[in-house]
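**Student:** For the protein sequence lines, the chains are A and B, in the order given.
Residues 1 to 589 (my numbering) are what the first sequence spells out, left to right.
Residues 590 to 1178 (my numbering) are what the second sequence spells out, left to right.
Note that CB positions come from ideal geometry on N, CA and C, so glycine has one too.
Number of protein chains: 2
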Amino acid sequence: MEQFHRLSRNAMHTFAVWSPKAEQVSVVTDEGEFSMQREDRGWWRVAVASAGPGTRYAFRVDGGSERPDPRSPFQPDGPHARSRVVDHSEFRWTDAGFQAKPLSSAVIYELHIGTFTEAGTFHAAIERLDHLVDLGVTHVELMPVAEFDGDRGWGYDGVDLFAPHHHYGDPGSLKSLVNACHERGLAVLLDVVYNHLGPSGNYLREFGPYFSDRHHTPWGEAVNFDGPYSDGVRRFFCDNALMWLRDYHFDGLRLDAVHAIVDTSAIPFLEQLALEVEQLQAHLGRHLVLIAESDLNDPRLVRSRESGGMELDAQWSDDFHHALHTVLSGETSGYYADFGAVSDLAKAFQQPFLYAGEASQFRRRRHGRPPTELPAHRFLAYMHNHDQIGNRAAGDRLASGIDADLAMVGAALVLLSPYVPMLFQGEEWRASSPFQYFVNFGDAELNRAVREGRRREFGEFGWRPEQIADPTDEATFQRSKLKWSELDGAEHSQMVAWYKQLIELRRRIPALTDGRLELIESECDDERRWLLVERGPIAILANLSEQPLELPMKPEWPTHVLLASKPDIRIDAAARLPANSIAVLGPEE
Amino acid sequence: MEQFHRLSRNAMHTFAVWSPKAEQVSVVTDEGEFSMQREDRGWWRVAVASAGPGTRYAFRVDGGSERPDPRSPFQPDGPHARSRVVDHSEFRWTDAGFQAKPLSSAVIYELHIGTFTEAGTFHAAIERLDHLVDLGVTHVELMPVAEFDGDRGWGYDGVDLFAPHHHYGDPGSLKSLVNACHERGLAVLLDVVYNHLGPSGNYLREFGPYFSDRHHTPWGEAVNFDGPYSDGVRRFFCDNALMWLRDYHFDGLRLDAVHAIVDTSAIPFLEQLALEVEQLQAHLGRHLVLIAESDLNDPRLVRSRESGGMELDAQWSDDFHHALHTVLSGETSGYYADFGAVSDLAKAFQQPFLYAGEASQFRRRRHGRPPTELPAHRFLAYMHNHDQIGNRAAGDRLASGIDADLAMVGAALVLLSPYVPMLFQGEEWRASSPFQYFVNFGDAELNRAVREGRRREFGEFGWRPEQIADPTDEATFQRSKLKWSELDGAEHSQMVAWYKQLIELRRRIPALTDGRLELIESECDDERRWLLVERGPIAILANLSEQPLELPMKPEWPTHVLLASKPDIRIDAAARLPANSIAVLGPEE
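(1) For residue 646(B), write down the residues that DSSP places opposite it in a beta bridge.
(2) Relative to the C-alpha of residue 877(B), which candidate in 620(B), 628(B) and 830(B) has its C-alpha closest?
(3) Put residue 164(A) into one of helix, strand or coil per three-state DSSP.
(4) Out of 542(A), 511(A) and 507(A), which has the shortest C-alpha to C-alpha gap to residue 524(A)?
(5) What is the rounded straight-line gap between the Cα of residue 252(A) and the Cα of residue 361(A)?
(6) Residue 332(A): buried (16+ other C-beta within 10 angstroms of its C-beta) or exposed?
(7) Based on DSSP bridge pairs, tell me the residues matched to residue 1010(B).
(8) Report all residues from its chain with a CB closer than 7 Å to the CB of residue 1195(B); omit the five preceding and five following residues, and keep chain order.
(9) Using the beta-carbon count (16 or more within 10 Å), is residue 610(B) buried or exposed?
(10) If you follow the alpha helix (DSSP H) that residue 1081(B) is in, where does it begin and where does it stop?
(11) With a threshold of 8 Å between beta carbons, is residue 336(A) in contact with chain B?
(12) Which residues mark the beginning and the end of the alpha helix (DSSP H) in which residue 244(A) is found?
(13) Closer than 7 Å by beta-carbon distance: list the chain B residues that pair up with residue 368(A), in chain order.
(14) Mapping DSSP to helix, strand and coil, what is residue 191(A)?
(15) Taking a Cβ distance cut-off of 8 Å, strictly less, list which residues of the stretch 833-852 of chain B are near chain A, in chain order.
(16) Nearest CA to the CA of residue 654(B): which residue from 676(B), 613(B) and 693(B)?
(17) Examine chain A for any beta-carbon lying closer than 8 Å to the beta-carbon of residue 757(B), and answer yes or no.
(18) Tell me whether residue 324(A) sits in a helix, a strand or coil according to DSSP, three-state version.
(19) List the endpoints of the continuous beta strand (DSSP E) containing residue 365(A).
(20) Quick check on residue 824(B) - is its C-beta less than 8 Å from some C-beta in chain A?
(21) Closer than 8 Å, Cβ to any Cβ of chain B: which residues of the stretch 264-296 of chain A, in chain order?
(22) State the DSSP-derived secondary structure class of residue 309(A), mapped to helix, strand or coil.
(23) Are the C-beta atoms of residue 194(A) and some chain B residue less than 8 Å apart?
(24) Since residue 1113(B) sits in a beta bridge, which residues does DSSP pair it with?
(25) Going by beta carbon distance, what residues of the same chain come within less than 6 Å of residue 247(A), once the five residues before and after it are set aside?
(26) Does residue 856(B) come out as helix, strand or coil in the three-state DSSP assignment?
(27) Going by the beta-carbon positions, is the gap between residue 506(A) and residue 416(A) smaller than 8 Å?
(28) Can a CB atom of chain A be found closer than 8 Å to the CB of residue 627(B)?
(29) Would you report the Cα separation of residue 369(A) and residue 1170(B), rounded to the nearest angstrom?
(30) Tell me the DSSP secondary structure of residue 585(A) in three-state form.
(31) Rounded to the nearest angstrom, what separates residue 826(B) and residue 355(A) at their Cα positions?
(32) Under three-state DSSP, which class holds residue 606(B)?
(33) Is residue 896(B) close to chain A, meaning its C-beta is less than 8 Å from at least one C-beta of that chain?
(34) Out of 27(A), 60(A), 82(A) and 31(A), which one is the CA nearest neighbour of residue 46(A)?
(35) By the criterion of Cβ-Cβ separation under 9 Å, what are the contact partners of residue 887(B) in chain A?
(36) For a contact meaning CB atoms closer than 8 Å, what does residue 359(A) contact in chain B?
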């Protein structure tokens, strides 16, 4: 591809870069150095006759070192080397007319390109798409693909936010993946990180005031969304979002950790972003969504703008996860201390924030605000996600640590929840691979700091060094790859069948996706560990204990079993459920 | 008073203090040291038989030094010494039945206790209240009175936020001042500073996590409104607000610089405060208001909660001030660069934020958001306030730097504006006293730093050291005191008469206080420097130039002059206005 570009074109190319405080900016190519002209709003520009798609280039600000383009579309040799000109109009799309399903009917599947397949590339992922279609997934969500330093990593250390990571493939192959999804009816979401940049290969500050000295994030300097020159910084991030949606045909973005975007502006960055994406949606005629990861339990993110909100489409609900995780695992350390009762899980079916103003033991303060009158579709529910697995000492999946029967119950509670369900890669077959934290920066010192930091962090919770996967060891990365051969095993294929049945049931019964939280009723017993959830004509009965149980039946309930995780479930005047089982009752169809 | 307390009472007193991380807390009085018991939510308590009103005391945390009570009701010997027990129920109020006027009909008068009178005390201020009543003022606003280090200062360096500054008087004399206001029909607002604490005498951090390491303010550590233990910190500040309103009968609070209260919580501190004050209002049966000073141009502060706002009652409008100040003074440096045209001033009559999303040259970014559909009563307008005078090198008033005729025009534009007008002490007679920045910390090194910081700051704008008033020189404080004898001079008393006429007109004509910005129309000419504002049946015509002008008259306008700043104004087919003059036309009454 690259060679083709280099030989076939001899077009004029205009280089442009924002550097509002620079005295002098130039672009360097193999043909020489070209002085750029200052234009308005801090932009510099020059047209170079010898440049075109494929041309390698870098910028030089005020006579400093060569630096890659902050908006580089591709970094074939990593974040420290020269950028490459890309012509996005060259790709031949075959997805005309594709529209993503609404979030209200979505089943999202989170995957990480590097570990989803053995090869760990965009192209290799295409081969596994039919499995997702077969499963019933509607939306694929890619963990961040922006260029980061090193040959492996989760992607949250991205530094060239407009460039796909070169170890995953080139811009064309990412487009091929999106195109292949669309051809199969799958929408594609992309995880983007706008709250900080990675620690290695970030040259943005040499170009302009991208960072704030007034706010901080746990991962480094906060982005300047509200200080002097923040209009230009906002353009950078908004244009990044628009680029992925427009040039790569993504159907939406997942916004990483928006609680770390501290912004006191009257029109916050996230609201501006939502407005601009709305405008792009109208222009392109394609449904686009923005989904936030947020630790704030603040409904303002997804409320309408007329009621003072930012009107993002949805946000992750960690409270639902934590309520489910603690009931299934019995874990209570760290932030799980705030959860653990079956009654928390029952409550989580009726309100997406368990902490909606209540005092949190873990946070040592009140937390959250009631998300009054918002439909359930504004929230995502999941039993696993990359963080909830990978941010454990051993990166072990919940479903692997618990009984398979209980994992089936967990899957059912997610897929029959009122929220938009999300799965993490391999969960559908109870994959044996962990998803451990791995990095491999070009800088050995930085790798050492990450390794030791992780040992210290988990050491404080009583883990011994040998129990903590070394994030910088290549084996940690290899171990985290999915083993697709597992799908052939009976136990694994039974689990896949269970997921398919659940997704199919969710699709069939309107009450399961109506989003109307106010219609849901629940009962539970924390002693005996059972949970009943009524969703319109559907009753979900779960035995979360190690003993068989008789659960109360309401006379008006149907006795017809739509789906059950075990064969020996019996329903008549009472419901008799074996240990760790779940049944869904509903009218005969 | 103090002696009376000490001798007359021998009641049991319960000491209480919040110190959530302490291992051990005790209270020290003249009678000895008493160990406190840990109770819930980080509170420590002990009942001491020998203590009662008048008892001097201090706390000792984990065996450290004696420290004053963070909630000390009085510090008779300054912020480093022992606190004194106060029984708020002892004061004999005679203001039963008093209710503050609504903000929509208010004229606010900002004053600084230390310089309002020669004596600079609460008691001395009482003697001047009749002048304010005569002027037509409805609300007195006291600059901060909380205990700060030193014998003089503006009050924004408060450290004992529950104690009135001992150089102004004791708790009883502050209550006497409020009571005396109420007896005269004047409401009283208090300026409170919740965004930081002063640099000297602040011992809060020894008691608990009052400060945040994640946010910063220009004046020091930010208050911890959203981190661990922030519930207790919020209680401290909410209880402070409730205390002034309940125990001192204040009718409202002015919240200093709320833009420096960085708080990412789903229920922000300011919203919680507004709710708690609303509850107190219901409980006391008295009208209470919260008014924010904000640099954010964010209508969320005053919007209703159902539309996502915090529902404060009003906020200061610096944009109106700057638009007026620059037109009257011709100044363009610093933040005045964003203003200056007569058309800005015309616009300011129709929208309280001139920057409602527009790019600001001074801020180097877009700023603000449209305050759509909010009534004008949510915003305060002023020609002077303590900051806009005192934060100048020489602390000189605008009205003293310009022609008296022009000062009359400025006063009219404020008092006939749709917003809640506010005056600064002495403005009504064009007082000759400046209002300079003054401090006198107990710490010589700190004084030196303030003095040099101010020289450096203004030096950058080209001021020579001798032009910059030394904030630590006592003469600077003395110079800033009002000279009430000036009122006897003819020029000064004419100015007072003008203010009285304007206030009286504002009270008489409903259209002037209807708050309906959408009904206002304005025209202007930046070349010839005139401004016309239509407010229902009223037309305001201002000649802001040094030449006599003929202004266009609309045929439907009344030709009756309700008020004019100069005698030789003539209205017929055209309006002929002398240089620097203003006329108000309206129906004959």
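**Tutor:** Reading off the structure:
(1) On the second sequence, position 57 is the one that residue 646(B) refers to. Per DSSP, 618(B) and 672(B).
(2) Within the second sequence, numbered from 1, the residue matching residue 877(B) stands at position 288. Comparing Cα-Cα distances from residue 877(B) to each of 620(B), 628(B) and 830(B), the minimum goes to 830(B).
(3) Along the first sequence, one-based indexing puts residue 164(A) at 164. For residue 164(A), the three-state secondary structure derived from DSSP is strand.
(4) Stepping through the first sequence from its first residue, residue 524(A) is reached at position 524. Comparing alpha-carbon positions, the option among 542(A), 511(A) and 507(A) lying closest to residue 524(A) turns out to be 542(A).
(5) Walking along the first sequence from the start, residue 252(A) turns up at place 252. Walking along the first sequence from the start, residue 361(A) turns up at place 361. When rounded, the distance between both Cα atoms is 35 Å.
(6) One-based indexing of the first sequence puts residue 332(A) at position 332. So residue 332(A) ends up on the exposed side.
(7) Translated into the one-based positions of the second sequence, residue 1010(B) becomes position 421. Per DSSP, 970(B).
(8) Look at the range of chain B in this structure, 590 to 1178, and you will see that residue 1195(B) is not part of it.
(9) For the purposes of this step, residue 610(B) is identified with residue 21 of the second sequence, where counting begins at 1. Exposed, since its Cβ has fewer than 16 Cβ neighbours within 10 Å.
(10) If you number the second sequence from 1, residue 1081(B) lands on position 492. Secondary structure note for residue 1081(B): its alpha helix (DSSP H) is the uninterrupted segment 1079-1097.
(11) Start at 1 with the first residue of the first sequence, and residue 336(A) comes out as number 336. Residue 336(A) does not count as touching chain B.
(12) Walking along the first sequence from the start, residue 244(A) turns up at place 244. Run containing residue 244(A): 230-247, per the alpha helix (DSSP H) assignment.
(13) Translated into positions along the first sequence, residue 368(A) becomes position 368. Chain B residues near residue 368(A): 855.
(14) Taking the first residue of the first sequence as position 1, residue 191(A) is located at position 191. DSSP, reduced to helix, strand and coil, places residue 191(A) within a strand of the structure shown.
(15) For the stretch 833-852 of chain B, residues whose beta-carbon sits nearer than 8 Å to a beta-carbon of chain A comprise 848 and 851.
(16) On the second sequence, position 65 is the one that residue 654(B) refers to. Of the listed residues, the one whose Cα sits closest to residue 654(B) is 613(B).
(17) In the second sequence, residue 757(B) corresponds to position 168, counting from 1. So no, residue 757(B) is outside the interface.
(18) Position 324 of the first sequence, counted from the start, is the residue given in the question as residue 324(A). DSSP places residue 324(A) in helix when its eight states are reduced to three.
(19) The residue labelled residue 365(A) in the question sits at position 365 within the first sequence. In the DSSP assignment, residue 365(A) falls within the unbroken beta strand (DSSP E) covering 365-367.
(20) Locating residue 824(B) in the second sequence gives position 235, where the first residue counts as 1. Chain A contact via Cβ: absent.
(21) Look at the stretch 264-296 of chain A: the residues with a C-beta under 8 Å from a C-beta of chain B are 264, 265, 266, 267 and 296.
(22) One-based indexing of the first sequence puts residue 309(A) at position 309. Residue 309(A) sits in coil when the DSSP states are folded into three classes, being neither helix nor strand.
(23) Here the question's residue 194(A) lines up with position 194 in the first sequence. So no, residue 194(A) is outside the interface.
(24) Taking the second sequence and counting its residues from 1, the one referred to as residue 1113(B) is at position 524. For residue 1113(B), the pairing in a beta bridge is given by DSSP as 1120(B).
(25) Position 247 of the first sequence, counting from 1, holds the residue named residue 247(A). Around residue 247(A): 88.
(26) Numbered from its first residue, the second sequence carries residue 856(B) at position 267. Residue state for residue 856(B) is assigned as coil, using DSSP reduced to three classes.
(27) By 1-based counting over the first sequence, the position of residue 506(A) is 506. By 1-based counting over the first sequence, the position of residue 416(A) is 416. Residue 506(A) places its beta carbon less than 8 Å from that of residue 416(A).
(28) Position 38 of the second sequence, counting from 1, holds the residue named residue 627(B). Cβ-Cβ to chain A under 8 Å: no for residue 627(B).
(29) Numbered from 1 along the first sequence, position 369 holds the residue referred to as residue 369(A). Numbered from 1 along the second sequence, position 581 holds the residue referred to as residue 1170(B). Approximately 53 Å between the Cα atoms of the pair.
(30) The count along the first sequence starts at 1 and reaches residue 585(A) at position 585. Look at residue 585(A) here: in three-state DSSP terms it is strand.
(31) What you label residue 826(B) is simply residue 237 of the second sequence in a count that begins at 1. What you label residue 355(A) is simply residue 355 of the first sequence in a count that begins at 1. Rounded to whole angstroms, the gap between the alpha carbons of residue 826(B) and residue 355(A) is 23 Å.
(32) Mapped onto the second sequence, residue 606(B) falls at position 17. If DSSP states are grouped into helix, strand and coil, residue 606(B) belongs with the strands.
(33) For this step, residue 896(B) is matched to residue 307 along the second sequence. Closer than 8 Å: yes.
(34) As a working note, residue 46(A) is residue 46 in the first sequence. For residue 46(A), the closest of 27(A), 60(A), 82(A) and 31(A) by C-alpha to C-alpha distance is 27(A).
(35) In the second sequence, residue 887(B) corresponds to position 298, counting from 1. By Cβ distance, chain A contributes 264, 265, 266 and 267.
(36) By 1-based counting over the first sequence, the position of residue 359(A) is 359. Listed along chain B are 820, each with a C-beta nearer than 8 Å to that of residue 359(A).
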